[in-house]
Amino acid sequence: MYVFGLVFHFVIERVIIMANKVYEKLVSCKEEIRKRTDFVPDVALVLGSGLGNYADNIKIETEIEYKDIPGFPVSTVPGHAGKFIFGYVGDTKVVCMKGRVHFYEGYDISDVVLPARLMGMLGAKILFLTNASGGLGKGFKAGDLMLITDHVSVFAPNPLIGANLDELGPRFPDMSNVYKKDLQEVIRETAKENGIDLKEGVYCQLTGPSFESPAEIRLLAGLGVSAVGMSTVNEAIAANHMGLRVCGVSCISNLAAGLSDNPLSHEEVQEAADKAAPLFTKLVTESIKRFKL
1 MYVFGLVFHF VIERVIIMAN KVYEKLVSCK EEIRKRTDFV PDVALVLGSG
51 LGNYADNIKI ETEIEYKDIP GFPVSTVPGH AGKFIFGYVG DTKVVCMKGR
101 VHFYEGYDIS DVVLPARLMG MLGAKILFLT NASGGLGKGF KAGDLMLITD
151 HVSVFAPNPL IGANLDELGP RFPDMSNVYK KDLQEVIRET AKENGIDLKE
201 GVYCQLTGPS FESPAEIRLL AGLGVSAVGM STVNEAIAAN HMGLRVCGVS
251 CISNLAAGLS DNPLSHEEVQ EAADKAAPLF TKLVTESIKR FKL
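Sequential numbering of the sequence shown, starting at 1, is according to UniProt numbering.
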């Protein structure tokens, strides 16, 4: 019993130390950014595939490259630049994450969600997530835009595992309303008024980097999943944990494995996302302008 007690105490101590390091890293990154800008955003935007040129729609105040922030994770994926853009979309103050990091790149899950948490610490009240995904049929085709109404997260690491970061949120956060209904309604109305055919559905994140097998896609379809990708859900969980209002739109860049005769490739994903970019950009821009902060 004595040895067990020592081991238990050691494990708990290590978990607490790791949690402290995660929070200290967040604070360090925030302090580094504050050395460069005092800009306080209201909306944080994560740009997925197809929105790489979105910065053209922002009245830019400051740009900070990830590599210039000590300890900040840097994306290694083609098509994902690596910098924060601070500025205005209309009259709304935004921080835009041009290029995200993914769990499959080898980063610890705490690093994967560090940018989302950091944008919240910088002042953002809303996190707008975008991505490219594979559609599971259900009337979807490549190039469609899908409003994320809910998610399935059981196949990707939960970013809240480990000692809770009490400075950010509660140990057991409620996940019944991650994608806020009022923000969803704004996006729906924006799509309708701009003639954009907006689908809706449940998004699932898998770890990647391999695409899913046909059997996995059949499993996900049975769970009610509409689209699948390799990002977004862990960011949504971390943001919801710390009280940010979350919304998301996914670009259906291809049909998932087993639903098409074509082999899946990153080039296909990027090409389809690029074609959908003008409508995607319009939807994101006009929605942000309408958000009530």
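Note that CB positions come from ideal geometry on N, CA and C, so glycine has one too. Values in this document were obtained by computation on a predicted structure and should not be read as measured data.
Do R44 and G120 have their C-beta atoms within less than 9 Å of each other?
Going by the sequence as given, residue 44 is Ala instead of Arg. Cβ atoms of A44 and G120: closer than 9 Å.
Does the beta-carbon of D56 have 16 or more other beta-carbons within 10 angstroms, so that it is buried, or is it exposed?
The residue is exposed, with fewer than 16 neighbouring Cβ atoms inside 10 Å.
By Cβ distance, which residues of its chain are closer than 8 Å to V3, with the 5 residues on each side in sequence left out?
Residue confidence for V3 is low, a pLDDT of 46 falling below 50, so the modelled location carries little weight and cannot support an answer.
Does the distance from the CB of G134 to the CB of V228 come in under 9 Å?
Their beta carbons are under 9 Å apart, which means G134 touches V228 by this criterion.
For T62, does the three-state DSSP call read helix, strand or coil?
Three-state result, T62: strand.
Go through the stretch 100–137 residue by residue and report every complete run of the alpha helix (DSSP H) that reaches 4 residues or more, in order.
Here the runs fully enclosed are 109–112 and 114–121.
Just curious, the alpha helix (DSSP H) that L198 is in, first and last residue?
Careful: L198 lies outside any alpha helix (DSSP H), inside the beta strand (DSSP E) at L198 to Q205.
Is the CB-CB distance between Y130 and V249 below 9 Å?
Before going further, note that residue 130 is Thr rather than Tyr in the sequence given. Yes.
DSSP on L219, reduced to helix/strand/coil?
In this structure, L219 counts as helix in the three-state DSSP scheme.
Please work out which residues of its chain come closer than 6 Å, Cβ to Cβ, to E32, disregarding the five sequence neighbours upstream and downstream, and give them in chain order.
Around E32: I69.
Considering Cα atoms alone, identify which of D111, V284, E200 and D150 is closest to K25.
The residue with the shortest Cα to Cα distance from K25 is D111.
For a test of your reading of the model: does the CB of E167 fall under 8 Å from any non-hydrogen atom of the ligand FMN? Yes or no.
By its list of ligands, the structure shown contains no ligand whatsoever, and the ligand FMN lies outside what it can speak to.
According to DSSP, what are the bridge partners of A44?
In the DSSP output, where bridge partners are listed per residue, A44 has V95 and L127.
Nearest CA to the CA of K35: which residue from V178, I58, E63 and L47?
For the residues V178, I58, E63 and L47, the minimum Cα distance to K35 belongs to E63.
How is K181 classed by DSSP in three states: helix, strand or coil?
In this structure, K181 counts as helix in the three-state DSSP scheme.
Quick one: residues in its chain with C-beta nearer than 8 Å to the C-beta of V284, no 5 flanking neighbours on either side, listed in chain order?
Closer than 8 Å at the Cβ level, and outside the excluded window around V284, lie L45, L51, Y54, F128, T130 and V249.
Excluding the five sequence neighbours on either side, which residues of its own chain have a C-beta within less than 7 Å of the C-beta of L279, listed in chain order?
Excluding sequence neighbours, L279 sits near L145 and I196.
Does DSSP classify I69 as helix, strand or coil?
I69: coil per DSSP, three-state reduction.
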